[in-house]
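**Student:** Protein sequences, first through last, are from chains A and B. Be aware that the first sequence starts at 1, since it is given in the UniProt record's numbering, and climbs by one per residue. Be aware that the second sequence starts at 1, since it is given in the UniProt record's numbering, and climbs by one per residue. Handing you this structure, nothing more for now.
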Amino acid sequence: MGLLSILRKLRTAPEKELRLLLLGLDNAGKTTILKTLASEDITNITPTAGFNIKSVNSDGFKLNVWDIGGQRKIRPYWKNYFENTDVLIYVVDSADKKRLEETGIELYELLSDDKLLDVPLLVYANKQDLPDSLSAAEIARTLGLPTIKDRSWQIQACTATQGVGVREGMEWVCKNIKKK
Amino acid sequence: MTFSLWWIFTYYFRSVIKWFLRKTTGLCELQRICYGEIPGAPRIRKVEYSLFMSKSHQVKQLIQHLNSISDNNGFIGPNEPEILNGAVKVVMLVKKIDPKIHFQFVKSFGKCVEQIWGYRQLIAEAEQLRTTNYDSDDPEHEAKLQNLWMKLKPNDKLEGRITKQWQEIGFQGEDPKTDFRGMGLLGLENLLYFSTVYSSAAQHVLGHSYHPVYGYCFAIVGINLTSLAWTLLKEGSAKTYIYNNSAGAPSIKLFHQFYSYLFYEFDRFWMDCKPKDIMEFSNIKNKFEDNVRMNLQDPTADFRIGVTVDNV
Chain A
1 MGLLSILRKL
11 RTAPEKELRL
21 LLLGLDNAGK
31 TTILKTLASE
41 DITNITPTAG
51 FNIKSVNSDG
61 FKLNVWDIGG
71 QRKIRPYWKN
81 YFENTDVLIY
91 VVDSADKKRL
101 EETGIELYEL
111 LSDDKLLDVP
121 LLVYANKQDL
131 PDSLSAAEIA
141 RTLGLPTIKD
151 RSWQIQACTA
161 TQGVGVREGM
171 EWVCKNIKKK
Chain B
1 MTFSLWWIFT
11 YYFRSVIKWF
21 LRKTTGLCEL
31 QRICYGEIPG
41 APRIRKVEYS
51 LFMSKSHQVK
61 QLIQHLNSIS
71 DNNGFIGPNE
81 PEILNGAVKV
91 VMLVKKIDPK
101 IHFQFVKSFG
111 KCVEQIWGYR
121 QLIAEAEQLR
131 TTNYDSDDPE
141 HEAKLQNLWM
151 KLKPNDKLEG
161 RITKQWQEIG
171 FQGEDPKTDF
181 RGMGLLGLEN
191 LLYFSTVYSS
201 AAQHVLGHSY
211 HPVYGYCFAI
221 VGINLTSLAW
231 TLLKEGSAKT
241 YIYNNSAGAP
251 SIKLFHQFYS
261 YLFYEFDRFW
271 MDCKPKDIME
281 FSNIKNKFED
291 NVRMNLQDPT
301 ADFRIGVTVD
311 NV
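Structure follows, in structure tokens:
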């Protein structure tokens with residue numbers, strides 16, 4: 001029984017593995033998105049010291065999602081995780097208007113890095129449930145996403161704490177990879 | 001498979017062995033445990049197991065009753081002596097134990113019941129604190145945060161409520177309020193207790209957090225350790241610590257002490273690991289967690305902060 005299932009697994013093993021990099025400022029909601037993707041409990045999240053990694057199966061892909069801490073002290077380490085990234089996922093706290101500029105600067109720094117050249121970009125406009133949050137369209141405009149011509153990109157409104165919008169973003173990721 | 005076989009074995013053969021021992025020693029299992037086992041976790045855990053394995057309808061009912069009282073924070077408190085008395089009486093009647101002859105058992109068994117359901121209530125209390133989000137409009141929460149600063153940085157004045165200074169004690173940005181996340185007020189209370197009661201140990205740890213190579217964010221790591229302490233409490237692994245260290249009924253103070261122990265030990269472990277940078281945190285934390293779990297499996301283990309002075 002055990003051996004058979006191992007053999008069966010081996011035969012179906014060559015599914016495509018993807019490396020997704022989850023970045024954004026601290027308190028944007030990266031770990032909540034990661035845990036939502038892995039269908040884990042999101043009520044006991046702590047600030048990420050270092051990074052978290054989880055593997056999720058979606059749409060015939062094995063997604064290895066790297067969630068790197070977003071606080072200023074950790075940002076210099078982001079670049080150590082760029083190599084072989086298939087899709088960059090950038091998370092924005094749509095209600096944190098004070099730091100929109102900061103998050104924009106960090107994003108463009110990422111986009112200008114050679115190691116992330118041509119890597120598709122998915123932006124999650126998170127925390128849509130908060131009363132004074134900006135819509136996905138407003139976030140896209142403020143961040144100047146429409147001016148990005150060198151790669152495919154997508155903005156997805158979501159409320160990670162309620163699991164709203166997260167799947168839709170991942171569907172775009174998988175579709176975009178298939179097109180390649 | 002192996003689990004269910006073991007279960008059948010314990011469930012049916014246990015009764016046979018118990019019956020045999022009862023006939024030969026004239027004592028029921030609970031009495032044998034209370035008289036024979038060393039006090040603390042070894043005795044309490046065995047009593048707990050024996051109670052939860054009991055097939056007696058009355059004992060089952062009693063367990064249910066005590067569970068619901070402690071889940072609603074009603075066990076430890078003004079009614080405790082009465083509840084305890086009642087619980088012991090039920091077991092004495094069911095097991096036909098004469099309280100005049102076995103007054104020692106009454107005392108010892110009562111203490112076990114106090115610990116077992118005190119622990120359960122402790123989970124409820126910690127959970128209540130954890131699910132209370134940090135609220136910057138609540139003056140009580142704000143006062144605790146200010147107090148934390150004063151305890152950790154007694155010589156530096158905080159220049160404002162929103163300031164980069166918070167990063168000096170390891171918060172992420174200019175306002176700590178969002179850093180407590182899923183640990184809520186429990187994270188803050190843990191940090192505050194450690195910094196207040198174990199002031200020198202906390203200063204020692206805070207000093208390490210400034211290390212040029214092995215440095216880390218004191219508060220953020222602290223909040224991650226709250227998560228560890230809370231997980232260990234909830235799953236029951238922390239019973240060894242609580243049962244071996246509580247003089248009276250378990251209280252939230254004891255949980256804070258457990259946390260302080262974890263923080264101090266984690267810091268030591270972290271420094272011994274000589275990490276390349278903070279990105280090794282998850283790895284080292286997982287190793288530390290494995291070690292702690294292993295230590296907690298030894299029911300006689302004693303956990304104390306061994307404050308040592310070393311060169312930073």
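Ideal Cβ placement from N, Cα and C applies to all residues, glycine included.
(1) Under 8 Å, with one C-beta from each stretch per pair, do the segment 72 to 83 of chain A and the segment 27 to 45 of chain A reach the 3-pair mark?
(2) Hey, is R161 of chain B's beta-carbon within less than 8 Å of any beta-carbon in chain A?
(3) Using C-beta distances below 6 Å, list every residue in its chain close to Y243 of chain B, excluding the 5 sequence neighbours before and after it, in chain order.
(4) Can you check which of these residues, B:T163, B:R181 and B:E168, is closest to E174 of chain B by C-alpha distance?
(5) From which residue to which residue does the beta strand (DSSP E) around D93 of chain A run?
(6) Closer than 7 Å between beta carbons: that is the criterion. Which residues of the segment 41 to 54 of chain A meet it against chain C?
(7) Under 9 Å, CB to CB, which of the residues in the segment 251 to 281 of chain B have a partner in chain A?
(8) Taking the C-alpha atoms as reference points, what is the distance between N52 of chain A and L18 of chain A?
(9) Go ahead and label M294 of chain B buried or exposed: buried means 16 or more other beta carbons lie within 10 angstroms of its beta carbon, across all protein chains shown.
(10) For V221 of chain B, is the beta carbon positioned less than 7 Å from some heavy atom of the ligand SAH?
(11) Apart from the five residues just before and just after C273 of chain B, which ones in its own chain have a Cβ nearer than 7 Å to its Cβ?
(12) Helix, strand or coil: how does DSSP classify V65 of chain A here?
(13) Are the CB atoms of G118 of chain B and F75 of chain B within a distance shorter than 8 Å?
(14) Select from B:G248, B:I220 and B:L145 the residue whose C-alpha is nearest the C-alpha of T196 of chain B.
(15) Taking a Cβ distance cut-off of 7 Å, strictly less, list which residues of the segment 165 to 197 of chain B are near chain A, in chain order.
(16) Mind listing, in chain order, the continuous alpha helix (DSSP H) runs of no fewer than 4 residues lying wholly within the segment 49 to 132 of chain B?
(17) Going along the chain, which residues of its own chain have a beta-carbon closer than 7 Å to the beta-carbon of V309 of chain B, five neighbours each way excluded?
(18) Cβ closer than 8 Å: which chain B residues qualify as neighbours of Y77 of chain A?
(19) Let me check understanding here. Comparing Cα to Cα, which of A:S135, A:D96 and A:L121 lies closest to G169 of chain A?
(20) Can you tell me whether R19 of chain A is helix, strand or coil according to DSSP?
(21) At the 8 Å Cβ level, is C217 of chain B part of the contact set with chain A, yes or no?
**Tutor:** On the basis of the data shown:
(1) no
(2) Along the second sequence, read from residue 1 onward, the residue named residue 161 of chain B stands at position 161. Not one chain A Cβ lies under 8 Å of R161 of chain B.
(3) Here residue 243 of chain B refers to the residue found at position 243 of the second sequence. Within the same chain, Y243 of chain B has close Cβ partners G40, A41, I44 and Q115.
(4) For this step, residue 174 of chain B is matched to residue 174 along the second sequence. E174 of chain B has its Cα closest to that of B:T163, out of B:T163, B:R181 and B:E168.
(5) For the purposes of this step, residue 93 of chain A is taken as the residue at position 93 of the first sequence. Its beta strand (DSSP E) spans residues V87 to D93.
(6) Included in the structure are the protein chains A and B, with no chain C among them.
(7) D277, I278, M279, E280 and F281
(8) Position 52 of the first sequence, counting from 1, holds the residue named residue 52 of chain A. Position 18 of the first sequence, counting from 1, holds the residue named residue 18 of chain A. Each residue's Cα considered, the two are about 16 Å apart.
(9) One-based indexing of the second sequence puts residue 294 of chain B at position 294. Exposed.
(10) This structure lacks the ligand SAH, and indeed carries no ligand of any kind.
(11) Against the second sequence, residue 273 of chain B aligns to sequence position 273. Result list for C273 of chain B: I284, in chain order.
(12) Along the first sequence, read from residue 1 onward, the residue named residue 65 of chain A stands at position 65. In the structure shown, V65 of chain A sits in a strand (DSSP, three-state: E or B).
(13) Counting from 1 along the second sequence, the entry for residue 75 of chain B is found at position 75. Counting from 1 along the second sequence, the entry for residue 118 of chain B is found at position 118. Closer than 8 Å, so yes.
(14) Taking the second sequence and counting its residues from 1, the one referred to as residue 196 of chain B is at position 196. Ranking B:G248, B:I220 and B:L145 by Cα distance to T196 of chain B puts B:L145 first.
(15) So the list reads Q172, G173, T178, D179, R181, G182 and M183, given in the order they occur along the chain.
(16) As far as the segment 49 to 132 of chain B is concerned, its whole alpha helix (DSSP H) runs of at least 4 residues are 57 to 71, 80 to 94 and 103 to 130.
(17) Position 309 of the second sequence, counting from 1, holds the residue named residue 309 of chain B. Unreliable placement is indicated for V309 of chain B, whose pLDDT of 42 sits below 50; the coordinate value is still reported in the next sentence. Contacts found: none.
(18) Residue numbering aside, residue 77 of chain A sits at position 77 when the first sequence is read from its first letter. The contacting residues are D277, I278 and M279.
(19) Taking the first residue of the first sequence as position 1, residue 169 of chain A is located at position 169. Closest option to G169 of chain A, Cα to Cα, is A:L121.
(20) By 1-based counting over the first sequence, the position of residue 19 of chain A is 19. Three-state DSSP puts R19 of chain A in a strand.
(21) Residue numbering aside, residue 217 of chain B sits at position 217 when the second sequence is read from its first letter. Closer than 8 Å to some Cβ of chain A, the Cβ of C217 of chain B qualifies, so yes.
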